[in-house]
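Worksheet for the structure shown next.
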Amino acid sequence: MEAAKLLKKFDKEDFRILMAIEIGMKRSEYVTVNNIRFYSRYPKEETLFRLKKVHKLDLIIRNSSEREIAYTLNSKAYDLLALHSLVEKGIVSQLGAVIGKGKESDVYSCMDDNENIYALKIYRMGRRSFKSIKKYRDLIGERGHFSWLYVNRLAARKEFDALEKIYKLKLNTPKPIGYNRHIIVMEYLRGKELVYYKSIDKPEYIFNQIIDQMRIIYQEANLVHGDLGEFNIVVDEEGNILIIDWVQWVHSGHPNAVSLLKRDIENVCNYFKKKFKIQSNINEILSKFYQK
16 MEAAKLLKKF
26 DKEDFRILMA
36 IEIGMKRSEY
46 VTVNNIRFYS
56 RYPKEETLFR
66 LKKVHKLDLI
76 IRNSSEREIA
86 YTLNSKAYDL
96 LALHSLVEKG
106 IVSQLGAVIG
116 KGKESDVYSC
126 MDDNENIYAL
136 KIYRMGRRSF
146 KSIKKYRDLI
156 GERGHFSWLY
166 VNRLAARKEF
176 DALEKIYKLK
186 LNTPKPIGYN
196 RHIIVMEYLR
206 GKELVYYKSI
216 DKPEYIFNQI
226 IDQMRIIYQE
236 ANLVHGDLGE
246 FNIVVDEEGN
256 ILIIDWVQWV
266 HSGHPNAVSL
276 LKRDIENVCN
286 YFKKKFKIQS
296 NINEILSKFY
306 QK
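And the structure:
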């Protein structure tokens with residue numbers, strides 16, 4: 016990751032400039048030099064010097080089409096700010112290799128100050144297309160102004176909240192370690208997504224595990240995944256399952272909870288029927304979610 020290489024080159028004054036722009040972006044996409052100066056509390060000369068440095072490092076985007084020169088953070092700058100905070104907290108000391116890459120996130124291995132190995136997930140929503148904005152309407156609400164950086168921040172917080180709730184149930188769930196902005200750090204559990212298995216031992220057992228875990232999470236934590244399928248169910252070598260990617264979860268009291276829950280169940284049932292010839296009754300399974 017490019018941002019990780021910059022950590023040692025940066026000093027606190029550079030971070031302060033980036034954070035000043037971040038504060039200003041709450042009000043507008045681009046932040047004027049005068050406002051950056053105000054938020055950073057730097058004199059004009061220092062502000063311009065720091066802006067020149069971070070611009071040269073390709074961390075900010077300049078907009079000179081307005082009456083006044085203004086800047087906005089890019090994703091590399093946001094990575095840098097989040098990593099810096101996690102390093103300061105002792106949660107991350109080294110960043111390892113990429114262990115997963117999807118449409119909306121990148122996952123790396125990392126290590127903390129005590130040499131514990133974790134998984135570090137960076138949200139990348141919006142890197143493919145702005146058309147997907149409807150998918151995240153629950154995150155954004157009715158905000159007139161938003162940036163994809165902020166959407167990713169909300170997504171990280173939402174998934175971290177879900178992980179905390181599910182981990183308390185003592186299921187096969189990664190322990191949430193910490194988060195900052197659009198990055199979450201969690202326990203590293205090995206395995207691969209269900210979609211990548213051409214065959215599995217005891218498919219009916221795996222199927223029942225998935226349904227049971229969905230039911231427990233629904234009944235005990237009041238969570239519905241909302242986007243469950245073969246791409247976010249992980250199976251390890253021992254046949255343990257792990258449900259991942261909780262960014263679109265809804266509370267069981269949400270107006271769409273029932274339809275989303277049924278869709279999740281249908282996705283799992285249909286996949287196992289098509290791939291492993293496992294027969295199931297969707298309505299019968301759904302009814303058990305309401306029985307304790």
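Counted from 1, the sequence shown has number 56 at position 41 by this note's numbering; the numbering is strictly sequential. For each residue, glycine too, the CB sits at the ideal point set by N, CA and C. Bear in mind the structure is a predicted one, so any value in this text is a computation, not a measurement.
Within 10 angstroms of the beta-carbon of Phe64 lie fewer than 16 other beta-carbons, which makes it exposed. If the five residues before and after Ala35 are omitted, its C-beta is found closer than 7 angstroms to the C-beta atoms of Ile51, Tyr54 and Ser55, all from its own chain and listed in chain order.
Here Asn247 carries a coil assignment [DSSP, helix/strand/coil]. Annotated three-state conformation of Gln263 is coil, per DSSP. DSSP places Val107 outside both helix and strand once states are collapsed to three, so it counts as coil. Residue pairing for Tyr123: DSSP places it in a beta bridge opposite Val113 and Leu135.
Partner residues in the beta bridge of Leu88, as assigned by DSSP, are Ile75. With respect to the 8 angstroms criterion, Met40 and Leu88 are classified as neighbours on the basis of their beta carbons.
It is roughly 18 angstroms from the alpha-carbon of Tyr286 to the alpha-carbon of Asp251. The C-alpha of Glu28 is placed about 56 angstroms away from the C-alpha of Tyr220. With 16 or more other Cβ atoms from the protein chains shown falling within 10 Å of its own Cβ, Asp279 counts as buried. Per DSSP, the continuous beta strand (DSSP E) segment holding Ile199 begins and ends at Ile198 to Glu202. Excluding five sequence positions before and after Gly268, the CB atoms of its chain that fall closer than 8 angstroms to its own CB belong to Asn237, given in chain order. Between Glu83 and Val48, the C-beta spacing is below 8 angstroms.
Note that the C-beta distance between Gln228 and Leu275 is not below 8 angstroms. For Asn195, there is no enclosing alpha helix (DSSP H); the enclosing beta strand (DSSP E) covers residues Pro191 to Asn195. The continuous alpha helix (DSSP H) containing Ile51 extends over residues Val48 to Ser55. In this structure the region 106 to 119 lies against the region 130 to 139, because at least three pairs of beta carbons, one per stretch, are closer than 8 angstroms.
Trp264 is a Cβ neighbour of Gly241, given a cutoff of 8 angstroms. Residue burial annotation: Ser120 is buried, with at least 16 other C-beta atoms found within 10 angstroms of its C-beta. Separation of the CB atoms of Glu179 and Pro191 is rounded to 5 angstroms, and the pair is thereby assigned contact status at 8 angstroms. Note on geometry: alpha-carbon atoms of Val283 and Pro270 lie some 22 angstroms from one another. Per DSSP, reduced to three states, the secondary structure at Leu238 is strand. Rounded to the nearest whole angstrom, the C-alpha separation of Lys292 and Ile232 is 26 angstroms. Classified as exposed, Glu103 has fewer than 16 neighbouring CB atoms from the shown chains inside 10 Å of its CB. When DSSP states are grouped into helix, strand and coil, Ile225 belongs to the helix group. Ranked by Cα distance from Tyr203, the options Arg31, Leu98, Ser124 and Tyr57 are led by Ser124. Per the coordinates, the alpha-carbon of Asp176 lies some 22 angstroms from the alpha-carbon of Ser162.
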